[in-house]
Each structure stands twice: as C-alpha cells, then as structure tokens.
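Participant:
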Amino acid sequence: MVQPLNYLKESPSQTAGPYVHIGCTPNFTGIHGVYETDLGSGPLCNDKTRGERITIRGRVIDGSGTPLRDALVEIWQADADGYYNSPSETRGKADPNFFGWGRCPADMATGEFVFETIKPGRVPFNDGRLMAPHVTLWIVARGINIGLHTRMYFSDEEAANAEDPVLNRIEHRVRVPTLIGKREGNTVTFDIYLQGENETVFFDI
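Read in order, the letters of the sequence shown are residues 1 to 205 in the UniProt record's numbering.
1) Please classify Pro133 as buried or exposed, where buried requires at least 16 other C-beta atoms within 10 Å of its C-beta.
2) Based on Cα-Cα distance, which residue from Leu39, Glu10, Thr189 and Thr178 lies nearest to Pro105?
3) Can you tell me the Cβ-Cβ gap for Ile75 and Ile192, rounded? I've got them flagged as a contact below 8 Å.
4) Which same chain residues end up closer than 6 Å to Thr150 when comparing Cβ atoms and leaving out the 5 residues on each side of it in sequence?
5) What does the alpha-carbon distance come out to for the pair Glu197 and Gly63?
6) Compute the beta-carbon to beta-carbon distance between Leu72 and Val140, rounded to the nearest angstrom, for a pair I have assumed lies under 8 Å.
7) Leaving out five residues before and five after Met108 in sequence, what residues of the same chain have Cβ atoms less than 7 Å from its Cβ?
8) Let me know the secondary structure DSSP gives Glu197 once reduced to three states.
9) Of the choices Asp164, Arg57 and Cys45, whose alpha-carbon is the least far from that of Asp79?
10) I believe Arg50 touches Gly111 by the beta-carbon criterion, under 8 Å. Please report the beta-carbon distance rounded to the nearest angstrom.
11) Give the straight-line distance between the Cα atoms of Arg95 and Asp127, rounded to the nearest whole angstrom.
12) Answer with yes or no whether the minimum CB distance from Phe113 to chain B is below 7 Å.
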C-alpha cells in the first residue's frame, strides 16, 4: 500500500556546527570514552587490501580564500575492482579488507584533511556506462545548513574522465576541472572551494 506523501515530514535543518565534531569525532575534540576510536578515522585499507595505495589531501576553502579549520569531510568509494563495501552491492563481492568509507576532521591549524586509501575501480552508471574512477565526498562545517556532496576524479584518468556520464552532464565545461584531483606520485590533492571563481561543483543528491 502506498503511504501518503505527508506520512513522514522533513525535519527542519540547522547548521552542522559547532557540535558536529562532538557528535561525529569526540576523540578528536578531547572527549574520550564514547568510542575507542572515532568512527571512520584511520586508513581505509590494510596490508591485505587489493589496489594501488594513494593519499588524498585537501582543504575546504571559503569565498575569501581561507581554509576552514572546523570542516568535517567524509568519503565513500569503490574498491580496486569497482565494488562497494555495502549490503546493497549485488554485482560482485567487495574486497573484505577495504572499508570503503572514511571520516576526517580538518586540521585545526591548517584546515587540511587527509585520507589514506586506494585508487578506486570503475563503477557502472545507472544505464550501464562505466564511470571514471572517483570518490564521493560529503562536507559539513559551521554555517553549512545541509551537507554538501561532490566528487573527486583523477588527473591521470583523462580518457576515462572524457567519457564519464556524470562529468558529461555538467553544462558549464569550464567548471569540470573543479572536480579533478591533481595526482603527483601517490598523492592526490583536492581542494574544495565553497564560493568564488573556483567554486567546486556540488551535486543535489
């Protein structure tokens, strides 16, 4: 039976901070005893994880060009074979040694977030076309009413990026580079701009 549209009503939104760190990363804020370690902290992989190890580094930058020091960033991604560590993954078996999700508060001095992970494999779009390797990021901070979603693609995947069905839906092509992480060796740098000339593309999902 179909439920009426007003069965569950949307809760009013409010800014994420300053309590987001207390709730999501209590150890980071000096509140110990809630969790042994903060959920999502630490590397997304271990010594047995398949795939190429990479480090993702970046900052969340406001409209004045200043890095936010109270941002919290989460990432989701597929494993090296393109499978998600999720109960809804039906295409194949994900690498049991890859977590697929991480959470990192920005450094309170520099505003930098860091994830130790692997380069993801390609995942099919809903029509079957393969998307380029990417990670999905969710950003919250003081003053952001609703968490922001974006993606990071890889600068060393030019051919895959050119045929990616999501990147190809971006009307203003000059903004596509805001979704490309710059890879140098095993480090990928990806700064997220909230406003201004280099404003990152965010997705309504």
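Built from N, CA and C at the ideal position, the CB exists for glycine as well.
Facilitator: Concretely, from the data shown:
1) buried
2) Leu39
3) At roughly 12 Å, the Cβ-Cβ gap does not stay under 8 Å, so Ile75 and Ile192 are not in contact.
4) Leu137, Thr200 and Phe202
5) 9 Å
6) 5 Å
7) Arg69
8) coil
9) Cys45
10) Going by Cβ atoms, the distance from Arg50 to Gly111 rounds to 32 Å, so no, they are not a contact pair.
11) Correcting the residue type first, residue 95 is Asp in the shown sequence and not Arg. Going by the C-alpha atoms only, they are around 24 Å apart.
12) The displayed structure is made up of one protein chain only, and chain B is not part of it.
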